[in-house]
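**Q** Sharing a structure with you now.
In the numbering used here, the protein residues as written are 10 to 372.
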């Protein structure tokens, strides 16, 4: 595998580094070169351990290298958008609603992989532009070594004890950040949700460009509570040596905590320079062999014929036990996404001058 990010010596580094190419793409610069014949994967962060485990076999079988650009879920779509007239990547992996955004803006081309057949209809597009690759759930996370009493409700986060110790990722650039707005709006109604986020902002230290770095900050005790997703939080705790515990919140005391599915989805980029190998990569990542390894990183297989098993699979089941799962209309989210981002910046952030795109400091 060729990784278009800095070398990763550990899971901690892997979760916190952002590719230079993705940074350049934010400013419309696309100077990153890829070797001829490589299949290029743009992916949201969180699946590094899975790729490390499964891609060497693909490369050996196909005789082709996989170049990986890893960044926030919105960033990888932004980069593909910048490159739309001259695509550099072949395959895209990102979160909702950014996968829907990529499909609606013509970044993806239809590819009906034979391995999509066991993905439920609700978990893939009707036109074949994308399908769920790894199922997952939105969550919050705490440092259990420092936070002795788990927050139970959203209002618990308004406690003065959390002042300056809360952060969540920017909804404009991170799927997990947008999920904060989606969940609170679903449970409270849009107006009350933004009123709540405005109150919460008094305790928020800053916002990050992506979500992965928040786990590191929690483990360092620079934060007490942050947003995340279940797969990432469990994997970082178990395999990254970070002090983390996922939690789910409710609106009222005594109510069930609530969340929704926030899966990684996969699609073939329109005009992909190496589309044939891109199709093979999608087929491989959606195969039973790879899907059976998804529980190893605390993910949930997208295919209904691959069970959630093993010790890590049981940990996922235990974490989600007793949590109410609500459906999300992603088409409705897409119709509101731009207005939500504008409203968040104007009414939640306002003139606070707060940092919105914090990333890991350069070494």
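C-beta: ideal position from N, C-alpha, C; glycine also.
In terms of residue numbering, what span does the beta strand (DSSP E) encompassing residue 273 cover?
**A** Element bounds for residue 273: 273-278.
**Q** State the Cα-Cα distance for the pair residue 291 and residue 102, rounded to the nearest angstrom.
**A** Rounded to whole angstroms, residue 291 to residue 102 spans 10 Å at the Cα level.
**Q** Going by beta-carbon coordinates alone, are residue 50 and residue 98 separated by less than 8 Å?
**A** Their beta carbons are under 8 Å apart, which means residue 50 touches residue 98 by this criterion.
**Q** Which two residues bound the contiguous beta strand (DSSP E) that contains residue 235?
**A** Where residue 235 is concerned, the enclosing beta strand (DSSP E) stretches over 234-238.
**Q** Would you mind working out which of 212, 60, 10 sits nearest residue 72, comparing C-alpha positions?
**A** For the residues 212, 60, 10, the minimum Cα distance to residue 72 belongs to 10.
**Q** Would you call the region 224-231 and the region 139-146 in contact, with 3 or more CB pairs under 8 Å?
**A** Result no; under three Cβ-Cβ pairs closer than 8 Å.
**Q** Can you grab the Cα-Cα spacing for the pair residue 104 / residue 192, in whole Å?
**A** Cα to Cα, the separation comes out at about 15 Å.
**Q** Enumerate in chain order the residues of its own chain whose CB-to-CB distance from residue 216 is below 6 Å, with the five nearest sequence positions on each side excluded.
**A** Excluding sequence neighbours, residue 216 sits near 179, 365.
**Q** Could you pull the start and end residues of the beta strand (DSSP E) that residue 52 belongs to?
**A** That run of the beta strand (DSSP E) goes 48-53.
**Q** Could you check the C-alpha separation between residue 161 and residue 206 for me, to the nearest Å?
**A** Computed Cα separation, rounded: 17 Å.
**Q** Three or more beta-carbon pairs under 8 Å between the region 197-212 and the region 245-257, yes or no?
**A** Not touching, per the Cβ criterion.
**Q** Can you name, in chain order, every residue of its own chain whose Cβ lies under 6 Å from the Cβ of residue 172, other than the five neighbours on each side?
**A** Answer for residue 172: 212, listed in chain order.
**Q** One question on the structure: do residue 116 and residue 93 come within less than 8 Å of each other, judged by their Cβ atoms?
**A** Yes, these two residues count as a Cβ contact at 8 Å.
**Q** For residue 269 versus residue 335, is the C-beta spacing smaller than 8 Å?
**A** Yes, Cβ-Cβ distance for residue 269 and residue 335 is below 8 Å.
**Q** Report the CB separation of residue 82 from residue 183 in whole angstroms; it is logged as a contact under 8 Å.
**A** About 6 Å separates the two Cβ atoms, so the contact holds.
**Q** Look at the alpha carbon of residue 95 and the alpha carbon of residue 152, and state the distance between them as a whole number of angstroms.
**A** Those two C-alpha atoms are separated by around 44 Å.
**Q** Here's a check: name, in chain order, each residue in its chain whose Cβ is nearer than 7 Å to the Cβ of residue 64, leaving out the five neighbours to either side.
**A** Answer for residue 64: 10, 75, listed in chain order.
**Q** According to DSSP, is residue 304 helix, strand or coil?
**A** Correct three-state label for residue 304: helix.
**Q** Please identify the residue among 120, 77, 69, 226 whose C-alpha is closest to the C-alpha of residue 278.
**A** For the residues 120, 77, 69, 226, the minimum Cα distance to residue 278 belongs to 120.
**Q** Residue 116 bridges to which residues according to DSSP?
**A** Residue 116 pairs with nothing; no bridge assigned.
**Q** Determine the closest residue to residue 315 out of 128, 113, 45, with distance taken between C-alpha atoms.
**A** Taking only the C-alpha atoms, the option nearest residue 315 is 128.
**Q** Please look up how many angstroms separate the CB atoms of residue 185 and residue 238, rounded, as I've assumed it's under 8 Å.
**A** Indeed, because the Cβ distance is near 6 Å, the residues count as touching under 8 Å.
**Q** Cα-Cα, which of 218, 309, 310 is closest to residue 363?
**A** Selected option, being the one with the closest Cα: 218.
**Q** Would you kindly work out how many angstroms separate the C-alpha atoms of residue 322 and residue 125, rounded to a whole number?
**A** Distance between the alpha carbons of residue 322 and residue 125: 22 Å.
**Q** Can you tell me where the beta strand (DSSP E) with residue 78 in it begins and where it stops?
**A** Segment 75-80, the beta strand (DSSP E) holding residue 78.
**Q** DSSP state of residue 354, grouped into three classes?
**A** Helix at residue 354.
**Q** Applying the criterion that 16 or more other CB atoms from any shown protein chain within 10 Å of the CB defines a buried residue, is residue 131 buried or exposed?
**A** By the neighbour-count rule (16 or more Cβ atoms within 10 Å), residue 131 is not buried but exposed.
**Q** Relative to the C-alpha of residue 328, which candidate in 346, 137, 309, 344 has its C-alpha closest?
**A** The shortest C-alpha separation from residue 328 is found at 309.
**Q** How about residue 307 and residue 243: are their beta carbons less than 8 Å apart?
**A** Taking 8 Å as the Cβ cut-off, residue 307 and residue 243 qualify as a contacting pair.
**Q** Alpha carbons only, please: which of 342, 42, 45, 107 is nearest the one belonging to residue 199?
**A** Nearest option by C-alpha distance: 342.
**Q** Can you name the residues that DSSP bridges to residue 256?
**A** DSSP output for residue 256 lists 149 as bridge partner(s).
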